[in-house]
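Everything below concerns the one structure shown next.
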Amino acid sequence: MGVNQFIAQGIMRYIINNNIKYHEDRSELISLYDDIPPIVLTATLNRLLSALVRNNNLVLSRETLLMQVWEVHGQVASGNNLNNTISMLRKMFASLGEEEIIVTLPRQGFMFCAKQLNTIDDESSLDDKPVPAIAVQPPPSKRGWLKRKILLAVLSVVAVLTLAWAMFSPEHASITYKSIGVVDKCDIRAIGTYHLVKQAYVNLPGIAADIKRFGLDCSLPATIYYYSSSTLHNNRDIYNSVSFVAYCPAGLKKNPVSECENFYETKDVH
Amino acid sequence: MKLKTYINIQSVFFILVLLIALSITLFSTYRLAMKNRVPECKAIKTSFTMVGSRRFEKVLLISIVPVGWHKFNVLLNGNISDGDKKYAISRMMVADYTFRDGYYYIKILENIRHARDSTADAELNRQLPAKNRVYLMRIEKVSDNSYIFADNHAPLFVCSK
Chain A
23 MGVNQFIAQG IMRYIINNNI KYHEDRSELI SLYDDIPPIV LTATLNRLLS ALVRNNNLVL
83 SRETLLMQVW EVHGQVASGN NLNNTISMLR KMFASLGEEE IIVTLPRQGF MFCAKQLNTI
143 DDESSLDDKP VPAIAVQPPP SKRGWLKRKI LLAVLSVVAV LTLAWAMFSP EHASITYKSI
203 GVVDKCDIRA IGTYHLVKQA YVNLPGIAAD IKRFGLDCSL PATIYYYSSS TLHNNRDIYN
263 SVSFVAYCPA GLKKNPVSEC ENFYETKDVH
Chain B
-11 MKLKTYINIQ SVFFILVLLI ALSITLFSTY RLAMKNRVPE CKAIKTSFTM VGSRRFEKVL
49 LISIVPVGWH KFNVLLNGNI SDGDKKYAIS RMMVADYTFR DGYYYIKILE NIRHARDSTA
109 DAELNRQLPA KNRVYLMRIE KVSDNSYIFA DNHAPLFVCS K
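Line order of the protein sequences matches chains A and B. Take the position in the first sequence, starting the count at 1, then add 22; the result is the number in the working numbering. Mapping the second sequence onto the working numbering, position 126 (from 1) lands on 114, and the numbers just tick up by one.
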């Protein structure tokens, strides 16, 4: 908040932490609960407190305070003056039960830290009864902010990583196959989900015979996914050998494989 | 009397970013959980099986319908021939599954036979999935709308959406 804004604002009355009433116009601090006489502020103390209260939870630099409180009013500004005045304000607030309401931020300045701060701009409310306060989110301490920033950073990283994982990991693994030849217009692909197919054991004329036996039409373009346990070894007398053919006629460009017909054959050979 | 409340902009920003990060994480987790679902699809499968001297020929329309969290129904309709004799198959199986390391561990929870299902023979029923049997399966993508189901012995069928 700049000087002009500070000056432009009217004189206000505040309820600080629902405990102290600050009459800026009367330069007084009044306890709302304890029956003690009001603390009267000097003009300088009043200007300093006003600047701090109006910037609750904001850091005010030493330079800003020196200018607003001293220089603008034709007074000599010095660091010692500022330190002494801050110290006096702290003592006043401490006597009213607010020990650490003015925070020094090294090399930055000062900050007024009221958890609840309400302004009263209606004369009718100027009796000395406590005003029900609206809860304001108390600003976290410096350490609290650090914790929040770390939490935010960790959560952001987790969010980005899970999003990347969700977007780029495949929904299902793609089929593993090896093209082993063509029969008429059928592209024969040996399925290798579990085992690599040995080309030496591939019997293309045998596959062509199976295609014919199953009544499949290879005069039109189609893809045949083929599997035979005999492609894994050269022992033709293996017990319970399996052949599998999935005949998938060529579809549209958008969907190159249309609905497939499946043939599964086991031979119980001893 | 009017009261003015001072809103801490940094806190609002913190809560906003926190909510966005949590929303993204929840959305991504949901997407990941949905990724390895058993797909909804159907297939036509003809099987020829030799058991001793008996030869079974089975023609089935298989429909897989996911229902609920990690559950699906398998609708089987068709027929099975045992030599000259032919029997109708019409049943629904309720299965649940877990997905681990690329494999689906599928357990048949229920086997509901419809009235027109006429397979009474034990050997015939052995040719079909049965209650409490567990299957280890892989599901791989053939195309944008087709998947291949394979057990640890051989591929079983290619189904399409």
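Even for Gly, the Cβ is constructed at its ideal location relative to N, Cα and C.
Query, Result
"Could you tell me if the beta carbon of residue 84/B falls within a distance shorter than 7 Å of some heavy atom in the ligand SAM?", "By its list of ligands, the structure shown contains no ligand whatsoever, and the ligand SAM lies outside what it can speak to."
"In whole angstroms, what is the alpha-carbon distance linking residue 64/A and residue 75/A?", "16 Å"
"Pick out whichever of 25/B, 78/B, 0/B and 5/B has its Cα sitting closest to the Cα of residue 127/B.", "25/B"
"Which residue comes first and which comes last in the beta strand (DSSP E) that contains residue 244/A?", "244 to 250"
"Helix, strand or coil for residue 67/B, going by three-state DSSP, please let me know.", "strand"
"Which runs of the beta strand (DSSP E), 3 residues or longer, sit entirely within the stretch 28 to 92 of chain B?", "29 to 39, 42 to 54, 59 to 70 and 73 to 88"
"Would you tell me roughly how many angstroms separate the C-alpha atoms of residue 110/B and residue 103/B, rounded to the nearest one?", "17 Å"
"From this set, 230/A, 52/A, 136/A and 80/A, which residue's C-alpha is nearest residue -3/B's C-alpha?", "80/A"
"What separation, rounded to the nearest whole angstrom, lies between the Cα atoms of residue 9/B and residue 27/B?", "30 Å"
"State the start and end residues of the unbroken alpha helix (DSSP H) segment that holds residue 10/B.", "-3 to 23"
"Applying the criterion that 16 or more other CB atoms from any shown protein chain within 10 Å of the CB defines a buried residue, is residue 92/A buried or exposed?", "buried"
"Exposed or buried, which one is residue 190/A when buried takes at least 16 other CB atoms within 10 Å?", "exposed"
"At the level of alpha carbons, what is the spacing between residue 39/A and residue 66/A?", "23 Å"
"Determine the DSSP secondary structure at residue 138/B, reduced to helix, strand or coil.", "strand"
"Distance check for residue 90/A and residue 98/A, CA to CA, integer angstroms please.", "12 Å"
"Starting from the Cα of residue 251/A, find the closest Cα among 265/A, 240/A and 245/A and give me that residue.", "265/A"
"Whole angstroms is fine: what's the gap from residue 113/B's alpha carbon to residue 183/A's?", "48 Å"
"On the premise that residue 134/A lies in contact with residue 123/A, defined as a C-beta separation below 8 Å, what is that separation, rounded to the nearest angstrom?", "7 Å"
"Measuring only the C-alpha atoms, how far is residue 209/A from residue 119/B?", "38 Å"
"Suppose you measure from the CA of residue 237/B to the CA of residue 96/B; what does that come to, to the nearest Å?", "An answer regarding residue 237/B cannot be provided, because it is not within the stretch -11 to 149 covered by chain B."
"In chain order, which beta strand (DSSP E) runs of at least 3 residues are fully inside the stretch 33 to 107 of chain A?", "35 to 38, 42 to 45 and 50 to 53"
"Would residue 140/B pass as an interface residue toward chain A - the criterion being a Cβ-Cβ separation below 8 Å?", "yes"
"What are the start and end residues of the alpha helix (DSSP H) that includes residue 235/A?", "226 to 235"
"In chain B, which residues lie with their C-beta within 7 Å of the C-beta of residue 170/A?", "2"
"According to the neighbour-count rule (16 or more other Cβ atoms, all chains shown, within 10 Å of its Cβ), is residue 42/A buried or exposed?", "buried"
"Is DSSP giving residue -6/B helix, strand or coil here?", "Note that residue -6/B scores 48 on pLDDT, short of 50, meaning its location in the model is unreliable; the coordinates nonetheless yield the value given after this. It is coil, neither helix nor strand."
"Taking the alpha-carbon positions, what's the residue 181/A to residue 53/B distance?", "32 Å"
"Assuming residue 243/A and residue 207/A form a contact by the criterion Cβ under 8 Å, report the distance between their Cβ atoms to the nearest whole angstrom.", "5 Å"
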